[in-house]
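First comes the structure, then the notes that go with it.
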Amino acid sequence: MTKVVLFGDSLTAGVFNGHPTGIFTRLLEDKFPDVQFINRGLPGDQTRNACKRLRSDVLSETPDLVVIFFGTNDVSSQEVFLANYHNNLAYMLTSIKPNKCILITPGISGPTRQNLRPLEKMEQYAEETLAVAQEFEIPALDWYDHCKDQAPTKLLQADDLHYSEAAYQQLVEQLEPLLAKKLTNLN
């Protein structure tokens, strides 16, 4: 069975009301029933820490593909600057092997989160994610571009940070063609 690791933060973990739910994983399993999805979303995580857990949480699973979805917490960090974010993603891709990866850009944050996660900065990290994908010649989902013109109340929970069920449905719809193409190329 093909094995795909979902590597990210609380958005990958599918946090609802403060608790991981696995909604992202379940929606992907519905689209790809012959694929084993392993969720390695860690609430609060940033790329700096993710590099430290890469071996234990991702490489140890010997995945066929890895979907890497970080950036939202990096944006608010006082320790992970844009250049560090770029280098951390590059380290992950090099360690996993770029041809086994898909990147997802950070999305949006709502009005009450603009002090730590302003949309302008979210966009910068999204652009940096796309730059890394281009550098390594791998697919990337520009989730920020998809979300930016939608009402935050449609995509986000009341905390203005974590995704609503509708957002996860859209995320999976957007990711599906990239993932399908990668999975087809495995065989």
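Residues 1 to 187, numbered by full-length UniProt numbering, are exactly what the sequence shown covers, in order.
Yeah, the Cβ is synthetic: ideal placement off N, Cα and C, and Gly gets one too.
Here's the rule: buried if 16 or more other CB atoms are within 10 angstroms of the residue's CB, otherwise exposed. What is residue i?
i      : result
Glu128 : buried
Arg40  : buried
Lys52  : exposed
Gln78  : exposed
Ala133 : buried
Gln169 : exposed
Ala180 : exposed
Pick helix, strand or coil for residue i, following the three-state DSSP scheme.
i      : result
Ala140 : strand
Arg117 : coil
Lys3   : strand
Val172 : helix
Gln124 : helix
Ile108 : coil
Asn39  : strand
Phe32  : coil
Pro20  : strand
Leu161 : coil
Val80  : coil
Val67  : strand
Val58  : coil
Which residue wins for smallest C-alpha separation from residue i, given the options the options?
i      : options                       : result
Pro118 : Ser164, Met92, Asp160, Val132 : Asp160
Gln114 : Gln174, Val75, Ala126         : Val75
Asn87  : Gly110, Thr47, Glu29          : Thr47
Ala167 : Ser109, Leu179, Asp34         : Ser109
What is the C-beta distance between residue i and residue j, in whole angstroms, given that I count them as a contact (C-beta under 8 angstroms)?
i      : j      : result
Pro63  : Lys100 : 7 angstroms
Glu155 : Tyr144 : Note on identity: in this sequence residue 155 is Leu, with Glu being the wrong assignment. That pair is no contact at about 11 angstroms.
Asp9   : Thr105 : Incorrect: roughly 13 angstroms between the Cβ atoms, too far for contact.
Any heavy atom of the ligand ZN closer than 8 angstroms to the CB of residue i?
i     : result
Asp34 : Only the bare structure without any ligand can be found here, which leaves the ligand ZN out of the picture.
Is it the case that the stretch 137-144 contacts the stretch 32-49, given that we only count it when at least three CB pairs across the two stretches are under 8 angstroms? no
Three CB pairs or more closer than 8 angstroms across the stretch 52-61 and the stretch 15-25: no
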